[in-house]
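Below is one structure; the comments refer to it alone.
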Amino acid sequence: MKALVFGLGALGTVFAVSLKSAGHQVYAFVKENHLPLLKGKTLKMTGLFGNKKSEIDGYFTNPEELKSFDLDLIILTVKAFDTEKAISQIKEFIQTKTFLLIAQNGYGNYEKATQVLPKNQIILSRVIFGARLLEPGLTEVTVFGDDVVIGQPENAISKKTLENIAEIFNQAGIPTKVSDEVYTILWEKIIYNSALNPLGALLERTYGELAENYETKFLMDKIIDEIFETLKVYEIKLRWETSEAYKIHFYQTLIPPTAGHYPSMYYDLKNGKPTEIDALNGAIVNLAEQKGLKAPINKFITFMIKQMEKVFSTAN
1 MKALVFGLGA LGTVFAVSLK SAGHQVYAFV KENHLPLLKG KTLKMTGLFG NKKSEIDGYF
61 TNPEELKSFD LDLIILTVKA FDTEKAISQI KEFIQTKTFL LIAQNGYGNY EKATQVLPKN
121 QIILSRVIFG ARLLEPGLTE VTVFGDDVVI GQPENAISKK TLENIAEIFN QAGIPTKVSD
181 EVYTILWEKI IYNSALNPLG ALLERTYGEL AENYETKFLM DKIIDEIFET LKVYEIKLRW
241 ETSEAYKIHF YQTLIPPTAG HYPSMYYDLK NGKPTEIDAL NGAIVNLAEQ KGLKAPINKF
301 ITFMIKQMEK VFSTAN
């Protein structure tokens with residue numbers, strides 16, 4: 001397979017190293033100011049997926065360079081706030097036989113892609129392993145919640161094609177499965193991230209610590225309640241009929257294997273980088289308000305993260 005990883009942060013580096021180590025052709029699209037930090041460097045991965053290293057086949061910074069470049073798969077791993085720009089760049093060079101895999105956090109990435117590209121080229125995924133970028137080109141897989149799930153929400157891509165891609169990922173050491181319910185499964189992750197990430201970032205606490213504290217648990221419960229109320233109006237179905245049923249799964253099944261994990265949002269704030277709050281709690285607020293609902297806890301959490309972004313960006 002000939003793949004392009006679009007965005008070589010923590011997650012992108014995992015995909016790049018894993019696929020290249022499995023014998024595939026791998027290229028990366030990076031920001032121009034990141035190129036000197038990466039070009040000619042051996043990419044390395046440590047942590048739960050094992051220790052691997054590889055030199056990928058090339059780097060690109062300009063869409064023009066890719067216009068006559070045949071690719072089988074583009075893996076989009078940029079932060080959600082960069083999605084629109086990334087999609088507009090990908091549109092310039094993606095060919096009709098090339099698939100785009102959305103491997104990002106939050107709501108709105110798939111929706112933005114489908115406004116620009118045909119649905120029969122867009123694959124949605126739910127990625128629930130966590131990685132931390134120790135330095136450019138060096139990533140550590142710190143947590144594994146479940147297999148990557150891929151699918152096409154509107155069945156615009158054959159299951160056989162999706163299974164072939166999943167098998168490539170599995171052989172590369174990234175556990176992956178195909179599901180017709182990928183959109184629902186992604187929403188379950190959005191709920192998980194919205195409840196944990198901003199509070200973990202604001203209070204500098206692990207997921208487990210948030211769940212053990214009465215006050216933070218109360219706030220997480222309210223965040224989850226507001227999301228369920230919003231999704232009900234949009235008729236987005238989950239595996240749980242009520243927020244109370246989901247919370248049992250959340251506290252008993254989801255949090256224990258990731259209890260020692262700090263959210264990536266915590267590291268983003270510390271490093272003075274923008275967060276993905278607008279694709280998480282901020283997106284919930286927007287969706288709720290479009291239907292005349294209110295999501296006050298999500299709105300307050302979004303406000304607090306945005307204020308902290310300003311504080312840390314100034315400090316850095």
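So in the UniProt record's numbering, spot 149 of the sequence shown is number 149, and the numbers just go up one at a time.
C-beta atoms are modelled at their ideal positions from N, C-alpha and C, and glycine is treated no differently.
Q: Flag this pair as yes or no: are the beta carbons of residue 152 and residue 120 separated by less than 9 Å?
A: Yes, these two residues count as a Cβ contact at 9 Å.
Q) Is DSSP giving residue 304 helix, strand or coil here? A) Three-state result, residue 304: helix.
Q. Where in the UniProt domain "Ketopantoate reductase N-terminal" (4-153) do unbroken runs of the alpha helix (DSSP H), each at least 4 residues long, occur, reported from the N-terminal end onward?
A. Those alpha helix (DSSP H) runs which fall completely within the UniProt domain "Ketopantoate reductase N-terminal" (4-153) and span 4+ residues are 10-21, 35-38, 83-91, 109-114.
Q) So, using beta-carbon positions, are residue 230 and residue 295 closer together than 9 Å? A) It is a contact, given that the beta carbons lie within the stated cut-off.
Q.
Distance check for residue 246 and residue 114, CA to CA, integer angstroms please.
A. Linking residue 114 to residue 246 through their CA atoms gives a straight-line distance of about 29 Å.
Q.
Would residue 129 and residue 145 be called neighbours here (beta carbons separated by less than 9 Å)?
A. Yes. Within cutoff.
Q: Quick one: residues in its chain with C-beta nearer than 6 Å to the C-beta of residue 19, no 5 flanking neighbours on either side, listed in chain order?
A: Excluding positions up to five away in sequence, the list reads 3, 26, 172.
Q) Looking at the C-beta of residue 213, does it have a partner C-beta in chain C at a distance below 9 Å? A) Protein chain content of the structure displayed is limited to a single chain, and chain C is not contained in it.
Q: Work out the CA separation of residue 81 and residue 248 for me, nearest whole Å.
A: Using only the alpha carbons, I get a separation of about 32 Å.
Q: Output the distance between the C-alpha atoms of residue 284 and residue 105, rounded to the nearest integer angstrom.
A: Each residue's alpha carbon lies about 14 Å from the other.
Q. Count the other CB atoms within 10 Å of the CB of residue 317; is the residue buried (16 or more) or exposed (fewer)?
A. No statement about residue 317 is possible, as the shown extent of the chain runs from 1 to 316 and does not include it.
Q.
Which complete alpha helix (DSSP H) runs does the UniProt domain "Ketopantoate reductase C-terminal" (184-309) hold, if anything under 4 residues is left out?
A. Listed in chain order, they are 207-212, 214-233, 243-249, 264-270, 281-290.
Q: Classify residue 197 as buried or exposed, calling it buried when 16 or more other Cβ atoms lie within 10 Å of its own Cβ.
A: The residue is buried, with at least 16 neighbouring Cβ atoms inside 10 Å.
(Q) Tell me which residues share the same chain as residue 185 and place their Cβ nearer than 7 Å to its Cβ, disregarding the 5 neighbours each side in the sequence. (A) Same-chain partners within the cutoff: 126, 149, 179.
Q. Alpha carbon to alpha carbon, what distance is there between residue 234 and residue 226?
A. For residue 226 and residue 234, the distance between alpha carbons rounds to 13 Å.
Q: May I ask which residues mark the beginning and end of the alpha helix (DSSP H) holding residue 165?
A: Here the alpha helix (DSSP H) through residue 165 covers 159-171.
Q. Short check: CB of residue 52 to CB of residue 39, under 9 Å?
A. No.
Q: Measure the alpha-carbon distance for residue 138 versus residue 250 and round it to whole angstroms.
A: Residue 138 and residue 250 have their C-alpha atoms roughly 31 Å apart.
Q. Alpha carbon to alpha carbon, how far is residue 35 from residue 8?
A. Looking at the two C-alpha atoms, the distance is approximately 10 Å.
Q) Apart from the five residues just before and just after residue 15, which ones in its own chain have a Cβ nearer than 6 Å to its Cβ? A) Contacts found: 5, 75.
Q) For the candidate residues 261, 274, 54, 191, whose alpha-carbon lies nearest to that of residue 237? A) When only C-alpha atoms are compared, the closest one is 191.
Q | Best match in 255, 57, 88 for proximity to residue 189 [C-alpha to C-alpha] | A | Residue nearest to residue 189 within the set 255, 57, 88 is 255 (criterion: CA-CA distance).
Q: Buried or exposed for residue 141, please, with buried defined as at least 16 other CB atoms from any protein chain shown within 10 angstroms of its CB.
A: Under the 10 Å beta carbon count, residue 141 is surrounded by 16 or more other beta carbons and is classified as buried.
(Q) Restricting to Cα atoms, I'd like to know which of 177, 50, 69 is closest to residue 58. (A) The shortest C-alpha separation from residue 58 is found at 69.
Q. So, is residue 164 buried or exposed, given that buried needs 16 or more other C-beta atoms within 10 angstroms?
A. Under the 10 Å beta carbon count, residue 164 is surrounded by fewer than 16 other beta carbons and is classified as exposed.
Q. Can you name the residues that DSSP bridges to residue 176?
A. The partner list for residue 176 (beta bridge, DSSP) reads 148.
Q: Answer yes or no: do residue 122 and residue 99 have a C-beta to C-beta separation smaller than 9 Å?
A: Contact flag set, yes.
Q) Going by the CB atoms, is the gap between residue 32 and residue 41 shorter than 9 Å? A) Residue 41 places its beta carbon 9 Å or farther from that of residue 32.
Q. Taking the C-alpha atoms as reference points, what is the distance between residue 102 and residue 110?
A. Their Cα atoms are separated by approximately 7 Å.
Q | Backbone CA spacing between residue 30 and residue 224 [nearest angstrom] | A | Looking at the two C-alpha atoms, the distance is approximately 35 Å.
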